[in-house]
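Read through the structure below, which is laid out as structure tokens, and then see the notes.
Protein chains: 2
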Amino acid sequence: MGLRERKKVQTRNALIDAALELFLTRGYEATTIDQIAARVDVSPRTFFRYFSSKEDVALSAPADSQDIFLAALAARPETESPYTALSQAMRTMVATLRGKEPEDAARFMKARQLVEETPALLAGQMRLLMENEQRLVAEVARRQGTDSGDLLPQFVVSVFTGLGMICYHSGTQGLDVMAERLDDVLTLADRSLRPGWDLATADTSPSATD
Amino acid sequence: MGLRERKKVQTRNALIDAALELFLTRGYEATTIDQIAARVDVSPRTFFRYFSSKEDVALSAPADSQDIFLAALAARPETESPYTALSQAMRTMVATLRGKEPEDAARFMKARQLVEETPALLAGQMRLLMENEQRLVAEVARRQGTDSGDLLPQFVVSVFTGLGMICYHSGTQGLDVMAERLDDVLTLADRSLRPGWDLATADTSPSATD
DNA sequence: TAATTTATGTCACCTCATGACAGATGACAA
DNA sequence: TTGTCATCTGTCATGAGGTGACATAAATTA
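Rendered as structure tokens:
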């Protein structure tokens, strides 16, 4: 890895840290790009060469965690049912986060806290989730052997996304708490959902029951 | 109702219609406030006296539909279980929308289509949803007789929000399709969820099973 | 060292959004 | 009808977010 690339990573991390620091102390809206850039000693223009927007820098850590989740899901064995694969991937994500450098973990926690207290960022994070949602639906449909346009995969992903949101919401208090909460939520889900609910059955068309 | 108020309503609707029209033809980002204001023959400054932002005007119709839902939920009898109340309120909302003036319905549909094809607005709509989420959780907790911080009400609302998203997603093709989709989704939910899943039981604390 | 690539800074520009103030217009009472 | 008052509106000025163009400085490669 050359000097050039190392410097880029360094600048990028410095921008993220400076931004999170300012956002958390002065507030997200009250902080300007100029202030962030000034703290890292780069021009404001350079900021936008690293991040496409103010929101982008704030959500870079959450976006990373999403990527981790996607990767974990892809690594789950084909034999697992959709919901099992999703929830195991979630556990893997939390574990991966906990295994990271303290520096990275701190960034993640700061971003979590910031997002929680900033409605605009909460919305942005939801957008990130929704952008992945279609990929998730496609993956679930593949595992179920059904079509992506079918209702069931959408339903499964939708339920799971909801679970993820609840965990994420509790992540403010640290990754340990988040891991516990994940267990609780999954337990609750097991108790609420019928066995095999996430698997396609012979009669997929709804019309007979009512 | 005086002339002044009538004019205000008129201007407001004109701004919404002009905005939706331009957004749908030229795209959301490509359309400027100046263009919207010019089409209605008001100053750009006046636009911001009716709407707090560009997003606000685009999401005014969705925001209205949310209000309808909240009102419908409040009107549900106390005896209904949380999930039943939520889903019936949803049905009421769709029915209310279908019963509106064609002009209003058209606005709603245009907004739906616009939101669907504009990621930034998708995020905004999610924000609207999340703003209500806490109220929903509180309402469900009240009906369950549990605490608002408890996991179950959050879970119920989360699942339901997911269902709502699926319906909403299909609302692009018209309110009739959306009503059908709602039925399908609720049927699927009934098939997937255990009876009484949305009611608090004696043993709420998870620890025994695993 | 010379040539090439690439990151950065500077400058200009546009759009979104807000505050301040003056003028126009509807509301209302005499 | 007229005068007063409240309110809506337009104009102006300002600041922040975001982008394109171009020159410069630095790192890579030969």
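These protein sequences, in sequence, are chains U and Z.
When you read off a place in the first sequence, starting at 1, and then add 176, the result is the number in my numbering.
When you read off a place in the second sequence, starting at 1, and then add 176, the result is the number in my numbering.
Using N, Cα and C, we set each Cβ at its ideal position, and we do this for glycine too.
- Taking C-beta separations shorter than 6 Å and ignoring five residues to either side along the sequence, the partners of U:Leu-312 in its chain run Val-333, following chain order.
- Per the Cβ contact rule, the segment 352 to 372 of chain Z is in contact with the segment 366 to 378 of chain U (3 or more Cβ pairs under 8 Å).
- Residue state for U:Leu-369 is assigned as strand, using DSSP reduced to three classes.
- Note on Z:Arg-288: 16 or more other CB atoms within 10 angstroms of its CB, so buried under the neighbour-count rule.
- Taking a Cβ-Cβ threshold of 8 Å, the residues of chain Z close to U:Thr-337 are Gly-338, in chain order.
- The DSSP-derived three-state label of Z:Gly-203 is coil.
- Comparing C-alpha distances from U:Met-354 to each of U:Leu-362, U:Thr-363, U:Tyr-344 shows the shortest one belongs to U:Tyr-344.
- Rounded to the nearest angstrom, the gap between the Cα atoms of Z:Leu-191 and Z:Ser-257 is 41 Å.
- Taking all protein chains shown into account, U:Asp-217 has fewer than 16 neighbouring C-beta atoms within 10 Å of its C-beta and is therefore exposed.
- Note on Z:Lys-183: under 16 other CB atoms within 10 angstroms of its CB, so exposed under the neighbour-count rule.
- Each residue's CA atom was taken as its position, placing Z:Ile-342 and Z:Gly-321 some 29 Å apart.
- With respect to the C-alpha of Z:Ser-324, the residue from Z:Leu-262, Z:Val-335, Z:Glu-309, Z:Gly-275 having the closest C-alpha is Z:Glu-309.
- Sorting Z:Gly-350, Z:Gln-349, Z:Leu-246 by C-alpha distance to the C-alpha of Z:Glu-315 places Z:Leu-246 at the top.
- Of the other Cβ atoms in all chains shown, 16 or more fall within 10 Å of the Cβ of Z:Met-302; this residue is therefore buried.
- Bounds of the alpha helix (DSSP H) holding Z:Asp-210 are 209 to 216.
- DSSP, reduced to helix, strand and coil, places U:Glu-293 outside both helices and strands of the structure shown, so it counts as coil.
- Of the other Cβ atoms in all chains shown, 16 or more fall within 10 Å of the Cβ of U:Pro-329; this residue is therefore buried.
- DSSP, reduced to helix, strand and coil, places Z:Arg-252 outside both helices and strands of the structure shown, so it counts as coil.
- Counting every other CB atom within 10 Å of its CB across the protein chains shown gives U:Gly-347 a total of 16 or more, marking it as buried.
- For U:Leu-235, no alpha helix (DSSP H) segment is defined, and its DSSP state is neither H nor E.
- The continuous stretches of alpha helix (DSSP H) do not include Z:Ala-376, and DSSP gives it neither H nor E.
- Around the beta-carbon of Z:Thr-294, 16 or more other beta-carbon atoms lie within 10 Å, marking it buried.
- A buried status is given to Z:Ala-365, since no fewer than 16 other beta-carbon atoms sit within 10 Å of its beta-carbon.
- Residues Ala-195, Leu-196, Phe-199, Tyr-204, Ala-287, Leu-290, Val-291, Thr-294, Leu-297, Gly-300 of the same chain have their beta carbon placed closer than 8 Å to that of U:Ala-234, with the five preceding and five following residues left out of the count.
- The alpha carbon of Z:Asp-243 has as its nearest neighbour, out of Z:Asn-189, Z:Thr-187, Z:Thr-272, the alpha carbon of Z:Thr-272.
- Residue contact with chain U for Z:Met-341: present (Cβ-Cβ distance below 8 Å to some residue of chain U).
- When DSSP states are grouped into helix, strand and coil, Z:Lys-276 belongs to the coil group.
- Distances from the CA of Z:Arg-283 to each of Z:Asp-326, Z:Ser-241, Z:Pro-220 were compared; the closest alpha carbon is that of Z:Ser-241.
- Judged by DSSP secondary structure, Z:Met-341 falls within the alpha helix (DSSP H) whose first and last residues are 327 to 346.
- Taking a C-beta cut-off of 9 Å against chain U, the contacting residues of the segment 272 to 302 of chain Z are Pro-295, Ala-296, Leu-298, Ala-299, Gly-300, Gln-301, Met-302, listed in chain order.
- The three-state reading of DSSP puts U:Phe-224 in helix, counting H, G and I together.
- Against chain U, the beta carbon of Z:Met-306 has neighbours under 8 Å at Pro-295, Leu-298, Ala-299, Met-302, listed in chain order.
- Across the structure, U:Ser-229 and Z:Leu-339 are spaced so that their CA atoms are roughly 31 Å apart.
- When the Cα atoms are used, U:Glu-356 and U:Gln-186 turn out to be separated by approximately 33 Å.
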